[in-house]
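For reference, the structure is listed below as structure tokens.
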Amino acid sequence: MAFTDNVRDLSNSGGYQFEFRCERCGNGYRSAYQTDVVAKGSSLIKAAGRLFGGKVADLSYAAGSWAADRQTNSQAKDKALDAAVGEVRDAFRQCHGCGDWMCHEVCWNDAVGQCVRCSPKQAEELAQLQAEARRYQLRDQLRTTDLVGGTDLATPAVTQCPSCAAKVGGGKFCPECGERLAPSTACRECGAASTPGARFCAECGSPHV
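First residue of the sequence shown? That's 64 in the numbering used here, and the numbers climb one at a time after it.
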């Protein structure tokens with residue numbers, strides 16, 4: 064019997080239905096629901112048993128047990144499964160490379176006669192390889208591209224105003240209080256280089272503002 068490991072039983076007390084899934088993409092194909100006429104008769108007997116009781120109730124119990132067994136293991140269910148397989152067979156192909164059942168619509172390579180996992184379609188494989196190559200080339204190109212041109216890399220980055228503690232996103236002055244963000248590197252009076260953190264110029268004594 065085909066489709067022994069990718070079939071799901073959706074049958075109920077009134078009939079039979081099965082769902083078959085592609086073993087690569089998972090697409091599902093359901094067979095048409097097959098009403099079990101005999102099971103319907105059993106349901107009528109059970110209904111009569113509940114109504115009349117007595118011997119009819121005993122017959123109803125027996126019919127219920129028989130119907131339950133019929134749903135789990137019976138020639139009727141085997142026939143229903145066989146009919147369902149015939150119904151969906153054209154939607155599947157069994158790959159002789161890996162042995163799996165694949166849907167013909169998405170996962171089958173007609174040109175080779177194998178599934179696309181064993182024999183990928185040339186155009187799809189090429190598109191995937193091109194996408195991978197583009198990613199690698201973009202990464203390599205990005206390494207040699209200057210993304211920080213014009214950025215002052217020597218001045219310490221400031222994210223908070225030292226005066227009012229407001230968050231800042233760059234620039235020389237605080238947008239909230241106007242305080243200078245970057246410390247002055249030279250004395251405004253004499254031009255001498257100043258030491259970071261110094262409050263007065265070491266050369267002329269002028270205060271650093």
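Glycine residues also receive a C-beta, built at the ideal position from the N, C-alpha and C atoms.
Cut-off 7 Å between Cβ atoms - residues of its own chain near residue i, not counting five sequence neighbours on either side
{"i": "tyrosine 79", "result": "Gln97, Asp99, Lys140 and Ala143"}
{"i": "cysteine 166", "result": "Cys85, Cys88, Asn90, Ala154 and Phe155"}
{"i": "alanine 95", "result": "Glu150"}
{"i": "aspartate 72", "result": "Phe81"}
{"i": "cysteine 237", "result": "Cys224, Ser226, Cys227, Ala229, Val231 and Leu244"}
DSSP bridge partner residues for residue i (one or two, in chain order)
{"i": "tyrosine 79", "result": "Gln97"}
{"i": "arginine 156", "result": "Met165"}
{"i": "proline 270", "result": "Phe263"}
{"i": "lysine 230", "result": "Gln223"}
Which of helix, strand or coil DSSP assigns to residue i
{"i": "valine 70", "result": "strand"}
{"i": "arginine 262", "result": "coil"}
{"i": "glycine 91", "result": "strand"}
{"i": "arginine 180", "result": "coil"}
{"i": "arginine 84", "result": "strand"}
{"i": "alanine 147", "result": "helix"}
{"i": "lysine 235", "result": "coil"}
{"i": "arginine 243", "result": "strand"}
{"i": "alanine 256", "result": "strand"}
{"i": "alanine 249", "result": "strand"}
{"i": "alanine 65", "result": "coil"}
Close beta carbons around residue i, own chain, < 6 Å, minus the five adjacent residues each side
{"i": "alanine 65", "result": "Val148"}
{"i": "cysteine 267", "result": "Glu252 and Cys253"}
{"i": "serine 226", "result": "Cys240 and Glu242"}
{"i": "asparagine 172", "result": "Val179, Ser182 and Lys184"}
{"i": "valine 70", "result": "Phe81 and Phe83"}
Rounded distance between the beta-carbons of residue j and residue i, thought under 8 Å
{"i": "arginine 84", "j": "asparagine 75", "result": "The Cβ separation is near 20 Å, so there is no contact."}
{"i": "threonine 222", "j": "lysine 235", "result": "The pair is not a contact, with the Cβ atoms about 14 Å apart (cut-off 8 Å)."}
Proximal residues to residue i (C-beta, below 8 Å), its chain only, five neighbours per side dropped
{"i": "alanine 249", "result": "Ala255, Ala256 and Ser257"}
{"i": "arginine 197", "result": "none"}
{"i": "glutamate 168", "result": "Asn90 and Ala154"}
{"i": "arginine 152", "result": "Ala65"}
Contact test: residue i Cβ vs the ligand HEM heavy atom, cutoff 7 Å
{"i": "cysteine 158", "result": "The ligand content of the structure shown is nil, which means the ligand HEM is not present either."}
Per the contact definition of three or more C-beta pairs closer than 8 Å, is the region 178–195 in contact with the region 159–166?
In this structure the region 159–166 touches the region 178–195; the number of beta carbon pairs closer than 8 Å is three or more.
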